[in-house]
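Worksheet for the structure shown next.
If you want it as structure tokens, here you go:
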């Protein structure tokens, strides 16, 4: 298969080179060639000044959007025959049955992506061939509001969608239905005045943020729990009338990602334990009695890298844990030798992947892992793109592995519907998946999604409920839901004044 990529040769970027490299590495693609005449639209140079200012103020490095010398693309400038497919990144190639047009919120070009981000939208990427949708996805950002960071995340995820769509075409699959859909945003005009106003707001916001960080430990997550005597949140789909009791902390650390479990008749709650002084989390646990926690959480598992999301479960007479270890590029399985402590690594389930919040479930005789995954491109050793928007699946005959990636990965690209938020539960003959809504920022709300299809050929889900912070759970974030051992737990972000920690020291 011969693919020709049309890009703007007047301003080649690093992400263009990565697109060409990624396509060239796809099995089944024999030739990749380049068409790089100047594009039809003019890039606003004031946007580059905005990016430079953001990079300086926020300590960012330009990766995908960094200009490169045209000679770096010479290896793809070849006089091969007619292509089997043209991938048009500019939007100025005539439509036809062998042409894919990439668009952001319905408009072609990098300036359309920039306009969407400046409008505060979550850009919707589409790949269209002669009027037929081939793939689509909503592009998340780990730092919404910072345009350079957001456009870098969006370009990395654009590469993810393009590569997945080409693999689907080669395999004879139609990938249009596997990515998220939502109303598109309204782009803004890229005028000098508007970009200047944006720069002024960015500087003011950065100053306010730094002053805030001087006064508060941020983010500062907190766990809420309640005795579960009736309907849980999956059935209620709202906060309970009884409210939540907050798991106390000393202000110098926060607790997040609560996972309760009952073992031998006793309930234990496992949490991410994040000391602000070290910036690296461990896993801690606390036993619950009739009146609640019996003391503070105590450390049970620490590694050289950050740990969080302690997914615990009981199977085959043992207690197991799969904590998030994305900083190590692995998904690891631990076994308890003297519960709740004494954890030993039993197996590495996945390696070479930056996976967030790996969640296991057994379904129809197979074990599945759900996790969001960063893209591997843009010369970023720790991955690129958002942590929140690309859902990947793996399956195995046993929870110990070996796990095989789903052929349609990523099965979903949407920051509001992808990242796991707790155990998947069975309800009314269906599996219900708690999901983090990260469209407006990390862990802004919980979504309950019914899994409609889960098999080696496909995946589908439907959002059936949404739970937000509010009077029953003050704060601006809510991102984990789990129940077990007679209690139900959530978590969310609050504020911890720094002077409180100093006074208590």
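Numbering (the numbering used here), first residue to last: 233 to 737. The C-beta atom is built at its ideal place from N, Cα and C for all residues, glycine as well.
Check                                                                                                                                                             : Outcome
Just verifying my parser: in three-state terms, what is the DSSP assignment at residue 659?                                                                       : strand
Give the straight-line distance between the Cα atoms of residue 697 and residue 652, rounded to the nearest whole angstrom.                                       : 15 Å
Is residue 722 buried or exposed, if buried means 16 or more other CB atoms sit within 10 Å of its CB?                                                            : buried
Give the straight-line distance between the Cα atoms of residue 250 and residue 391, rounded to the nearest whole angstrom.                                       : 8 Å
May I ask whether a heavy atom of the ligand COA can be found less than 7 Å away from the beta carbon of residue 501?                                             : Inclusion of the ligand COA in the displayed structure is not the case, the ligand content being empty and no account of it being possible.
Is the beta carbon of residue 590 closer than 8 Å to that of residue 543?                                                                                         : yes
Three Cβ pairs or more, each shorter than 8 Å: is that satisfied between the region 654-668 and the region 630-642?                                               : no
Only counting the same chain, and skipping five residues up and downstream in sequence, which positions put a Cβ closer than 7 Å to that of residue 606?          : 586, 615, 616, 617 and 619
Any idea if residue 719 is buried or exposed, counting beta-carbon neighbours within 10 angstroms, 16 or more meaning buried?                                     : buried
Just list the residues that DSSP pairs residue 693 with in beta bridges.                                                                                          : 683
What residue range does the alpha helix (DSSP H) around residue 389 cover?                                                                                        : 379-403
If I measure Cβ to Cβ from residue 465 and keep anything under 7 Å in the same chain, skipping five residues before and after, which residues do I get?           : 699, 713 and 720
Assign residue 636 to buried or exposed, taking buried as 16 or more other Cβ atoms, counted over all protein chains shown, within 10 Å of its Cβ.                : exposed
Quick check on the burial criterion: 16 or more other C-beta atoms within 10 angstroms. Buried or exposed for residue 550?                                        : exposed
Where in the region 278-358 do unbroken runs of the beta strand (DSSP E), each at least 3 residues long, occur, reported from the N-terminal end onward?          : 317-320 and 331-336
Could you tell me whether the Cβ atoms of residue 453 and residue 673 are closer together than 8 Å?                                                               : no
Could you check the C-alpha separation between residue 414 and residue 554 for me, to the nearest Å?                                                              : In this predicted model, residue 414 has a pLDDT of only 43, less than 50, meaning its place in the structure is not dependable; the value taken from the coordinates is given anyway. Taking the straight line joining both Cα atoms gives about 32 Å.
Can you pull the DSSP bridge partners for residue 511?                                                                                                            : In the DSSP output, where bridge partners are listed per residue, residue 511 has none listed.
Assuming contact is defined by CB atoms lying nearer than 8 Å, are residue 382 and residue 389 in contact in what I supplied?                                     : no
Confirm, please, whether the CB-CB distance from residue 237 to residue 359 is below 8 Å.                                                                         : no
Is the distance from the Cβ of residue 684 to the Cβ of residue 695 below 8 Å?                                                                                    : no
So, at 6 Å on beta carbons, what are the nonlocal neighbours of residue 210 in its own chain, with the 5 sequence-adjacent residues on each side left out?        : Outside the shown range of the chain (233 to 737) lies residue 210, about which nothing can therefore be said.
Determine the extent of the alpha helix (DSSP H) in which residue 375 is found, giving its start and end residues.                                                : Element bounds for residue 375: n/a, residue is neither H nor E.
Cutting at 6 Å between CB atoms, please list the residues of its own chain near residue 739, excluding the five before and the five after it.                     : The structure shown does not extend to residue 739, since the chain spans only 233 to 737, so no value can be given for it.
Who are the near neighbours of residue 240 in its chain, counting only those whose CB is closer than 6 Å to its CB and skipping five residues on each side?       : 271 and 322
Just curious, the beta strand (DSSP E) that residue 712 is in, first and last residue?                                                                            : 712-716
Do residue 262 and residue 492 have their C-beta atoms within less than 8 Å of each other?                                                                        : no
Give a yes or no on whether the C-beta atoms belonging to residue 398 and residue 255 are separated by under 8 Å.                                                 : yes
Note down, in chain order, each residue of its chain lying with its Cβ closer than 6 Å to the Cβ of residue 340, except the 5 sequence neighbours on either side. : 323
What residues in its chain sit with their C-beta under 7 Å from that of residue 470, if we drop five residues either side in the sequence?                        : 699
Could you check where the beta strand (DSSP E) with residue 235 kicks off and where it finishes?                                                                  : 234-238
Could you check how far apart the C-beta atoms of residue 296 and residue 247 are, in whole angstroms? I think they sit under 8 Å.                                : 4 Å
For residue 266, does the three-state DSSP call read helix, strand or coil?                                                                                       : strand
Alpha carbon to alpha carbon, what distance is there between residue 658 and residue 444?                                                                         : Confidence is the limiting factor: at residue 444 the pLDDT is only 43, short of 50, which leaves the residue's position unreliable and the question unanswerable from this model.
So, at 7 Å on beta carbons, what are the nonlocal neighbours of residue 424 in its own chain, with the 5 sequence-adjacent residues on each side left out?        : In this prediction, residue 424 scores a pLDDT of 46, lower than 50, which makes its location untrustworthy; the coordinate-derived value is nonetheless stated afterwards. The residues are 278.
Can you tell me whether residue 231 is helix, strand or coil according to DSSP?                                                                                   : Nothing in the structure corresponds to residue 231, since the chain is present only between 233 and 737.
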